[in-house]
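Under my numbering, read the sequence shown as residues -8 to 58, first letter to last.
Cβ atoms here follow ideal geometry from the backbone N, Cα and C, with glycine treated the same way.
A quick write-up on the structure given underneath.
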Amino acid sequence: MDAIHHPPQLVRRSEAAAMLGIGRRTLSRLVSNGRISKVVISSRASRISLAEIQRFIAESKAKGHAP
-8 MDAIHHPPQL VRRSEAAAML GIGRRTLSRL VSNGRISKVV ISSRASRISL
42 AEIQRFIAES KAKGHAP
C-alpha cells in the first residue's frame, strides 16, 4: 500500500554510478551479474531505485569492502 502513496525514487544509471563512485560499465556489470537490481521502464530504458543503491552499499560495507 505504501508503494502506491510513495513510489520508489528512481535514478538513471549514470546517476547511480556517480552515487556509488563507480563507472557506468562497472554498474552495468553489477546489474548483469545480479548484484544490483534494475527497474525496467521500457524496452530501452531502465532505472535504479535509491533503495537498491542503499541496499548495495549496506551489503558492501557488511562484507568489509567499498562499493
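For residue i, the three-state DSSP class (helix, strand or coil)
i	result
Arg38	strand
Pairwise C-alpha distance: residue j and residue i
i	j	result
Met10	Ile32	20 Å
Lys52	Arg35	32 Å
Lys54	Leu21	16 Å
Leu18	Arg46	14 Å
Proximal residues to residue i (C-beta, below 7 Å), its chain only, five neighbours per side dropped
i	result
Arg3	Arg38
Range of the contiguous alpha helix (DSSP H) that encloses residue i
i	result
Ser23	15 to 23
Arg4	4 to 11
Residues near residue i by beta carbon distance below 6 Å, same chain, minus five either side
i	result
Ala49	none
Residue-level contact to chain B via CB, residue i, 7 Å cutoff
i	result
Gly25	Absent from the structure: chain B. Only one protein chain is present.
Proximal residues to residue i (C-beta, below 8 Å), its chain only, five neighbours per side dropped
i	result
Pro(-1)	Val30, Ser40, Leu41, Ala42
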